[in-house]
Amino acid sequence: MKTTTNLQRRKLLKYAAIGIAGAVTYPSWTQAAGEFVKVNKPSADFLPDVEIELTMNTAEVPILNGEKTRIWKITGKVMTGPSGVLDNNEGTYLAPTLRFKKGQKVRLILNNNLPAQSILHWHGLHVPANMDGNPMYAIDRGETYVYEFEILNRAGTYFYHAHTHSVTARQVYSGLAGLLIVSDDQEQALHLPSGDHDVPLVIQDRSFDGQNQLVYSANMMQRMQGFLGDQILVNGRPDFVLPVATRAYRLRLVNGSNSRIYKLAWDNGTPMTVIGVDGGLLEKPEQHAYVMLAPGQRRELWVDFSSLEIGTELTLRSLQFDIDTHSGMGMMGRRGGMMGHGMMGHGHGMMGGMMSASTLPSGSDYPILKVRASKKEQGDNTLPKTLTPITELYTKNAANAGNPKTIALSMAHMSALLNGRSYKMDDIQPDEIIPVNSLQLIEFDNGFDGSRHGMMMDMPHPMHLHGEQFQIVKREVGPHVTENYASVSSGLIDSGWQDTVLVMPGEKVTILKPFNDFKGLFMYHCHNLEHEDMGMMRDFLIK
Ligand code: C2O
Ligand code: CU
Numbered sequence: 002m003k004t005t006t007n008l009q010r011r012k013l014l015k016y017a018a019i020g021i022a023g024a025v026t027y028p029s030w031t032q033a034a035g036e037f038v039k040v041n042k043p044s045a046d047f048l049p050d051v052e053i054e055l056t057m058n059t060a061e062v063p064i065l066n067g068e069k070t071r072i073w074k075i076t077g078k079v080m081t082g083p084s085g086v087l088d089n090n091e092g093t094y095l096a097p098t099l100r101f102k103k104g105q106k107v108r109l110i111l112n113n114n115l116p117a118q119s120i121l122h123w124h125g126l127h128v129p130a131n132m133d134g135n136p137m138y139a140i141d142r143g144e145t146y147v148y149e150f151e152i153l154n155r156a157g158t159y160f161y162h163a164h165t166h167s168v169t170a171r172q173v174y175s176g177l178a179g180l181l182i183v184s185d186d187q188e189q190a191l192h193l194p195s196g197d198h199d200v201p202l203v204i205q206d207r208s209f210d211g212q213n214q215l216v217y218s219a220n221m222m223q224r225m226q227g228f229l230g231d232q233i234l235v236n237g238r239p240d241f242v243l244p245v246a247t248r249a250y251r252l253r254l255v256n257g258s259n260s261r262i263y264k265l266a267w268d269n270g271t272p273m274t275v276i277g278v279d280g281g282l283l284e285k286p287e288q289h290a291y292v293m294l295a296p297g298q299r300r301e302l303w304v305d306f307s308s309l310e311i312g313t314e315l316t317l318r319s320l321q322f323d324i325d326t327h328s329g330m331g332m333m334g335r336r337g338g339m340m341g342h343g344m345m346g347h348g349h350g351m352m353g354g355m356m357s358a359s360t361l362p363s364g365s366d367y368p369i370l371k372v373r374a375s376k377k378e379q380g381d382n383t384l385p386k387t388l389t390p391i392t393e394l395y396t397k398n399a400a401n402a403g404n405p406k407t408i409a410l411s412m413a414h415m416s417a418l419l420n421g422r423s424y425k426m427d428d429i430q431p432d433e434i435i436p437v438n439s440l441q442l443i444e445f446d447n448g449f450d451g452s453r454h455g456m457m458m459d460m461p462h463p464m465h466l467h468g469e470q471f472q473i474v475k476r477e478v479g480p481h482v483t484e485n486y487a488s489v490s491s492g493l494i495d496s497g498w499q500d501t502v503l504v505m506p507g508e509k510v511t512i513l514k515p516f517n518d519f520k521g522l523f524m525y526h527c528h529n530l531e532h533e534d535m536g537m538m539r540d541f542l543i544k
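Every number in my numbering is 1 more than the matching position in the sequence shown, counting from 1.
As structure tokens, then:
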């Protein structure tokens with residue numbers, strides 16, 4: 002039987018090309034730096050409450066009208082565990098939605114059937130180093146990686162995605178990302194909207210060619226700025242409409258985009274009621290006119306649709322904002338870029354408009370999704386005044402209380418750097434070694450003092466740290482920050498537990514992060530995936 006058609010062969014070639022482009026040689030890992038244990042077999046003494054086999058494959062799904070789109074799809078199969086633990090999101094590129102409970106022991110058996118190396122990272126989860134999906138654990142086609150860990154995190158909306166060295170961006174773009182939702186008793190006791198009234202919304206941008214195939218280009222400009230697609234997809238669908246009943250909902254917003262930052266607001270002016278962030282529920286709901294959502298971040302909203310007339314719609318938009326909040330004359334940072342302000346006309350700078358390949362420039366105003374009131378329903382529409390208590394971390398308890406660890410964020414020419422360094426496996430520097438079970442004060446400096454005028458490109462960087470969630474202590478604005486800052490500042494939500502913090506140009510953001518329980522390598526990096534792939538990523542060694 003002839004099994005390979007011409008079309009299939011062409012597809013294989015196409016994917017093989019991606020695979021080769023992404024192929025990297027891994028330096029040999031020295032035992033000295035961390036415990037490098039690749040796991041390809043279940044351990045006999047781990048008794049899982051949930052066991053799921055996840056297989057990564059090439060696939061085709063209908064996204065636009067007409068031809069199907071070739072994607073990379075993760076499909077799960079429950080071997081042990083309750084029903085409802087897995088939703089494959091069939092017919093979309095989204096990876097399965099996994100629903101776990103705090104305290105469950107889970108085993109996830111990952112099979113790679115892709116024509117490329119890959120590995121998955123559980124974004125926001127506190128797991129042992131060799132369960133964390135560090136790129137050094139990437140597996141080849143035909144190989145298996147076995148993850149075994151207990152869910153230690155509190156209830157929240159977590160996320161998982163490919164974390165393969167230098168190709169994370171294109172792998173996530175191809176479909177290797179999904180949701181991991183954790184619940185716990187404390188959260189359940191609040192009786193927030195649940196079931197059909199608890200809706201995860203993964204926001205992403207994509208570009209398609211004339212044959213409905215995903216376009217991913219990573220030229221210099223696209224890498225410096227980050228890839229921006231032409232079209233917004235929600236849960237893998239374009240022109241997303243959410244039919245709702247006239248009652249309260251819990252909406253879990255996830256930014257699964259490579260680099261796009263959103264400024265989300267309801268188009269009828271209703272304030273956004275935020276009940277949760279990256280690491281779960283806040284202590285109490287907060288109201289904001291708009292909510293900034295950077296790649297890798299999650300924000301949970303509570304919203305009451307009971308006043309909507311049946312048949313009417315409400316739109317969630319991304320509003321206009323200026324990503325450049327700094328008055329540096331950086332190479333491309335300023336609106337107007339190298340041409341200087343004014344020459345290109347306001348709002349059409351080289352980065353903002355002309356040189357961006359996207360028809361949806363960063364910071365422009367566009368719709369994300371529509372909510373349509375489709376049925377009357379009597380629900381409990383009272384929002385609890387308090388949510389879940391949060392144990393506050395104190396600077397005085399940090400191991401380095403008087404001496405914060407500074408991480409300088411910078412971009413220049415073809416590099417994106419952390420403290421002047423680019424990512425390298427097995428390259429731990431003395432300031433990257435952290436004692437286990439310590440609380441650390443860390444500050445991200447994105448050109449705070451303004452001294453890099455004229456040399457660096459000013460960009461916002463959503464900084465993510467693996468391992469435990471952290472708390473944001475303060476956000477300081479440098480002397481050269483402009484009035485543009487006011488177009489984003491009140492949507493930056495710094496309360497609660499976080500794992501990804503947006504650091505605007507000219508800002509310094511200080512966090513307190515616990516490094517408890519697990520030794521080994523835990524990454525810190527920019528979650529603009531093009532920046533990450535360019536090297537804006539490093540490891541901490543916890544020991
Ligand atoms: Cu969501 Cu290291 O990444
Ligand atoms: Cu960045």
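Every residue, glycine too, gets a C-beta built ideally from N, C-alpha and C. All values reported here derive from a predicted model rather than from experimental measurement.
Annotated as proximal: V304 and T274, with beta-carbon spacing under 8 Å. Closest option to V51, judged by alpha-carbon separation, among A60, P244 and M80: M80.
At a cut-off of 3 residues, the continuous stretches assigned as beta strand (DSSP E) that sit fully inside the segment 180-217 are 199-207. Unbroken beta strand (DSSP E) runs of no fewer than 3 residues, entirely contained in the segment 384-462, are found at 406-413, 416-419 and 439-446, following chain order.
Collapsing the DSSP output to three states places G492 in a helix.
By the Cβ test, the segment 250-267 is in contact with the segment 294-301, since at least three Cβ pairs between them sit closer than 8 Å.
A distance filter of 5 Å between CB atoms and the heavy atoms of the ligand CU selects the following residues in sequence order: H462, C527, N529 and H532. The segment 303-320 makes no contact with the segment 477-486; the number of CB pairs closer than 8 Å stays below 3.
When only Cα atoms are considered, L388 and A96 end up about 30 Å apart. Spatial neighbours of V40 in its own chain (CB-CB distance under 7 Å, excluding positions within 5 residues in sequence) are listed in chain order as N131, Y146 and V147. In this structure, the C-beta of G277 stays at least 7 Å away from each heavy atom of the ligand C2O. Look at G297: its beta carbon is less than 7 Å from one of the heavy atoms in the ligand C2O. Cβ contact annotation for S359 (same chain, cutoff 6 Å, sequence separation greater than five): L229 and D231, in chain order. With a threshold of 16 other beta carbon atoms within 10 Å, Y395 falls short and is exposed.
Looking at the DSSP output, N256 sits in a beta bridge with I204.
With a minimum length of 3 residues, the unbroken runs of beta strand (DSSP E) contained wholly in the segment 53-122 fall at 70-81, 98-102 and 106-113. The shortest C-alpha to C-alpha distance from T501 to any of F519, T98 and L530 is the one to L530. D305 is bridged by DSSP to A249.
Counting only residues of its own chain and dropping the five nearest sequence neighbours on each side, I64 has a CB closer than 6 Å to the CB of T70. With contacts defined as CB atoms closer than 8 Å, I543 and I443 fail to qualify as a contacting pair. According to DSSP, A163 shares a beta bridge with L121. Counting along the chain, H289 sits inside the beta strand (DSSP E) bounded by residues G281 to H289. If you draw a straight line from the Cα of H532 to the Cα of V128, it is about 25 Å long.
F445 is positioned such that its CB atom lies no closer than 8 Å to that of V372. Taking C-beta atoms as the reference points, N113 and G143 count as a pair closer than 8 Å. Of the heavy atoms belonging to the ligand C2O, at least one sits nearer than 7 Å to the Cβ of M524. Going by beta carbons, L252 and L302 fall inside the 8 Å limit.
H166 has its alpha-carbon roughly 15 Å from the corresponding atom of L115. In this structure, the straight-line span from the alpha carbon of L48 to that of H289 is close to 44 Å. Looking from the CA of G211, the closest CA among E68, A163 and Q223 belongs to E68. Distances taken from the Cβ of H122 to the heavy atoms of the ligand C2O include one shorter than 7 Å.
Contact check for Y138 and I110: beta-carbon distance about 14 Å, past the 8 Å limit, so the pair fails to qualify. D518 and N438 have their alpha carbons spaced roughly 6 Å apart. In the three-state reduction of the DSSP assignment, D534 falls in the helix class, which pools H, G and I.
Judged by DSSP secondary structure, R224 falls within the alpha helix (DSSP H) whose first and last residues are M221 to Q226.
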